[in-house]
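Visitor: I'd like to ask you about the structure that follows.
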């Protein structure tokens, strides 16, 4: 178990990198919104959401499986197994990403014309179909570095390198005064291919690959073990973009842009949460394996306290200065102020519940986690269908908050029932219900 001081220092370093990544992503979205306009930003956000979901399906839970398996292999000192696990994982996700990229390309006309009734969306979708393979590889390799305990490298590849490269390429486009919004997509595609080459080079130097594979049956076994994790990953990511997609179906690209801008600001809180969670995965897996419930609960509670302290200034800024922050995207985006505050409220629940989703993943309880995430996703979908057609991006924020709160509450209960771990913010409620 890591000490509090070490945990705090590493979290602050990770936070610094995530702040850099958040600033880069924020700068990218602001530049796109101000230079290309709300309509282009909305179309980009809609196509990007679909691409992220397609990439999650193509990974099929292999990133989470890799994280858990490599953490165990390192604990046992088996570096050959580490190299072999990464190599086989890349083969699996490479094949699946190629297939999904091709399918994404083929269905792009149908999605743009029939589902979203926005023909101008088609070139955005086709462009992003080419990014699915490298985007998936970058995320999988990042999870590998996370398992190695290389938290800084993990964060750099997860949230820094692609926004950095994208911002550079879009800045060059804006300086050339090219107004074609599809170029924004191609800047991201280029960033993905450059990023994946850098990630592969880094992994080769750090751990290496092993192409002496053990056979096709073992690869299928890895895929089978990752399947419960796949549903969790896919549904969790889908939950993050349900509202964006429903806005795209029922409303204009400009409305999608309003919600996307507010969401981008609210997710600044999530950057802090992920910075702390990025440090927790290896020790959580180790403590779960050893059955040290008291130490596990202590680690979770300290993580919640640290996350709360770091997130408080961001949340205050979101609630006190929503107009100023949204105005950076353009004057028209101030209309989404109430949307931003609703989304920030949902992030509070994300902070105080702690790393319950990660804890269920690391403890091997993928099936209960899958069920709870599916329940929350269905609730988010139903609430979105009820609220978004009438209330637009405000309804989308309400739906997202409902989905996030329900998922965290359900996972809190599972952590208590299955592991006997009760994060301190939930103790009064469990006692009230007679569960303690």
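Residue numbers (the numbering used here): -15 to 420.
The beta-carbon is built from N, C-alpha and C at its ideal position, and this holds for glycine as well.
1) Helix, strand or coil: how does DSSP classify residue 89 here?
2) With C-beta atoms as the reference, is residue 113 less than 8 angstroms away from residue 105?
3) Find the nearest neighbour of residue 342 within the set 163, 353, 332, 55, judged by alpha-carbon distance.
4) Residue 147 to residue 45, Cα distance in whole Å?
5) Would you mind working out which of 333, 244, 328, 84 sits nearest residue 407, comparing C-alpha positions?
6) Mark residue 57 as exposed unless 16 or more other C-beta atoms lie within 10 angstroms of its C-beta, in which case mark it buried.
7) With 16 other CB atoms within 10 Å as the buried threshold, where does residue 323 fall?
8) Can you give me the C-alpha to C-alpha distance between residue 118 and residue 74, rounded to a whole angstrom?
9) Straight-line CA distance for residue 145 to residue 5?
10) Three-state secondary structure (DSSP) at residue 312?
11) Just how far apart, CA to CA, sit residue 273 and residue 55?
12) Output needed for residue 129: all residues of its chain with C-beta closer than 7 angstroms, excluding positions within five of it in sequence on either side, in chain order.
13) Report yes if the C-beta distance between residue 66 and residue 191 is below 8 angstroms; otherwise report no.
14) Do residue 69 and the ligand NAP come close, with the Cβ less than 7 angstroms from some heavy atom?
15) Taking 7 angstroms as the limit between beta carbons, can you name the residues of its chain near residue 124, skipping five residues before and five after?
16) Over the uninterrupted alpha helix (DSSP H) stretch that includes residue 123, give me the two end residues.
17) Is there at least one Cβ from chain B nearer than 8 angstroms to residue 43's Cβ?
18) Among 63, 59, 165, which has the Cα closest to the Cα of residue 26?
19) With H, G and I counted as helix, E and B as strand and the rest as coil, what does DSSP make of residue 405?
20) Drop a sphere of 10 angstroms on the beta-carbon of residue 421, count the other beta-carbons inside from all chains shown, and report buried for 16 or more, exposed for fewer.
21) On a Cα-Cα basis, can you pick out the residue from 348, 374, 382, 385 that is closest to residue 398?
22) Report yes if the CB atom of residue 336 is closer than 8 angstroms to the CB atom of residue 364, and no otherwise.
23) Please classify residue 88 as buried or exposed, where buried requires at least 16 neighbouring CB atoms within 10 angstroms.
24) Assess, as a yes-or-no matter, whether the segment 212 to 222 is touched by the segment 284 to 292 under the definition of 3 or more beta carbon pairs within less than 8 angstroms.
25) Of the residues 331, 375, 15, which one's Cα is nearest the Cα of residue 157?
26) Check residue 134 in the structure and name its three-state DSSP category.
27) Does DSSP put residue 419 in a helix, a strand or coil?
28) When the Cα of residue 189 is compared with those of 132, 23, 210, which residue comes out closest?
29) When the Cα of residue 326 is compared with those of 297, 186, 388, 315, which residue comes out closest?
30) Determine the direct distance from the alpha carbon of residue 344 to that of residue 285, and round the result to whole angstroms.
31) Tell me the rounded alpha-carbon separation between residue 402 and residue 395.
32) Closest to residue 12 by C-alpha separation, out of 168, 240, 269, would be which residue?
33) Helix, strand or coil for residue 339 per DSSP?
34) Using a threshold of 8 angstroms, state whether the C-beta atoms of residue 84 and residue 38 are closer than that.
35) Return the CA-CA distance between residue 110 and residue 35, expressed in angstroms with no decimal places.
36) The alpha helix (DSSP H) spanning residue 103 covers which residue range?
Guide: Based on what the coordinates show:
1) The residue you call residue 89 lines up with position 105 of the chain shown. Helix at residue 89.
2) Counting from one through the chain shown, the residue named residue 113 turns up at place 129. Counting from one through the chain shown, the residue named residue 105 turns up at place 121. Cβ distance not < 8 angstroms, so residue 113 and residue 105 don't count as in contact.
3) Indexing the chain shown from 1 puts residue 342 at position 358. Closest option to residue 342, Cα to Cα, is 353.
4) Taking the first residue of the chain shown as position 1, residue 147 is located at position 163. Taking the first residue of the chain shown as position 1, residue 45 is located at position 61. Going from the Cα of residue 147 to the Cα of residue 45 covers about 23 angstroms.
5) By 1-based counting over the chain shown, the position of residue 407 is 423. Per the Cα distances, 333.
6) Against the chain shown, residue 57 aligns to sequence position 73. Looking at its Cβ environment, which holds 16 or more other Cβ atoms inside 10 Å, residue 57 is buried.
7) One-based indexing of the chain shown puts residue 323 at position 339. By the Cβ neighbour-count rule, residue 323 is buried, with 16 or more other Cβ atoms within 10 Å of its own.
8) Taking the first residue of the chain shown as position 1, residue 118 is located at position 134. Taking the first residue of the chain shown as position 1, residue 74 is located at position 90. Each residue's alpha carbon lies about 11 angstroms from the other.
9) On the chain shown, position 161 is the one that residue 145 refers to. On the chain shown, position 21 is the one that residue 5 refers to. Between the alpha carbons of residue 145 and residue 5 lies a gap of roughly 8 angstroms.
10) Start at 1 with the first residue of the chain shown, and residue 312 comes out as number 328. In this structure, residue 312 counts as coil in the three-state DSSP scheme.
11) One-based indexing of the chain shown puts residue 273 at position 289. One-based indexing of the chain shown puts residue 55 at position 71. A direct Cα-Cα distance of roughly 11 angstroms separates residue 273 from residue 55.
12) As a first step, residue 129 must be located in the chain shown, where it is residue number 145. Taken in chain order, the residues that qualify are 137, 138, 141.
13) Counted from its first residue, the chain shown places residue 66 at position 82. Counted from its first residue, the chain shown places residue 191 at position 207. Taking 8 angstroms as the cut-off, the Cβ atoms of residue 66 and residue 191 count as close.
14) Among the ligands in the structure shown, none appear at all, so the ligand NAP cannot be discussed.
15) As a working mapping, residue 124 is identified with position 140 in the chain shown. Within the same chain, residue 124 has close Cβ partners 43, 46, 47, 50, 73, 74, 77.
16) To locate residue 123, count along the chain shown from 1; it is residue 139. It spans 116 to 131 - the alpha helix (DSSP H) in which residue 123 sits, taken as one unbroken run.
17) In the displayed structure, chain B is absent; only one protein chain is listed.
18) Numbered from 1 along the chain shown, position 42 holds the residue referred to as residue 26. For the residues 63, 59, 165, the minimum Cα distance to residue 26 belongs to 165.
19) Locating residue 405 in the chain shown gives position 421, counting from the first residue. Coil.
20) Absent from the structure is residue 421, since the part of the chain shown begins at -15 and ends at 420.
21) If you number the chain shown from 1, residue 398 lands on position 414. If we check each option's Cα against that of residue 398, 348 comes out closest.
22) Taking the first residue of the chain shown as position 1, residue 336 is located at position 352. Taking the first residue of the chain shown as position 1, residue 364 is located at position 380. Contact: no.
23) Residue mapping note: residue 88 aligns to position 104 of the chain shown, counting from 1. Buried, because 16 or more other Cβ atoms sit within 10 Å of the Cβ of residue 88.
24) Verdict: no, contact absent.
25) In the chain shown, counting from the first residue as 1, residue 157 sits at position 173. The shortest C-alpha to C-alpha distance from residue 157 to any of 331, 375, 15 is the one to 15.
26) Here residue 134 is taken as the residue at index 150 of the chain shown, counted from 1. Assigned with DSSP and collapsed to three states, residue 134 falls in coil, not helix or strand.
27) Stepping through the chain shown from its first residue, residue 419 is reached at position 435. Note that residue 419 scores a pLDDT of 47, beneath 50, so its modelled location is shaky and nothing firm can be said.
28) The residue you call residue 189 lines up with position 205 of the chain shown. For the residues 132, 23, 210, the minimum Cα distance to residue 189 belongs to 132.
29) Here residue 326 is taken as the residue at index 342 of the chain shown, counted from 1. Selected option, being the one with the closest Cα: 388.
30) Position 301 of the chain shown holds residue 285. Position 360 of the chain shown holds residue 344. Their Cα atoms are separated by approximately 15 angstroms.
31) As a working note, residue 402 is residue 418 in the chain shown. As a working note, residue 395 is residue 411 in the chain shown. Cα-Cα distance, rounded: 10 angstroms.
32) In the chain shown, counting from the first residue as 1, residue 12 sits at position 28. Its Cα nearest to that of residue 12, the residue 168 stands out among 168, 240, 269.
33) Counting from 1 along the chain shown, the entry for residue 339 is found at position 355. It is coil, neither helix nor strand.
34) Here residue 84 refers to the residue found at position 100 of the chain shown. Here residue 38 refers to the residue found at position 54 of the chain shown. Yes, the pair counts as a contact, with Cβ atoms nearer than the cut-off.
35) Within the chain shown, residue 110 is the residue found at index 126, counting from 1. Within the chain shown, residue 35 is the residue found at index 51, counting from 1. For residue 110 and residue 35, the distance between alpha carbons rounds to 10 angstroms.
36) For this step, residue 103 is matched to residue 119 along the chain shown. Neither: residue 103 is in no alpha helix (DSSP H) and is coded neither H nor E.
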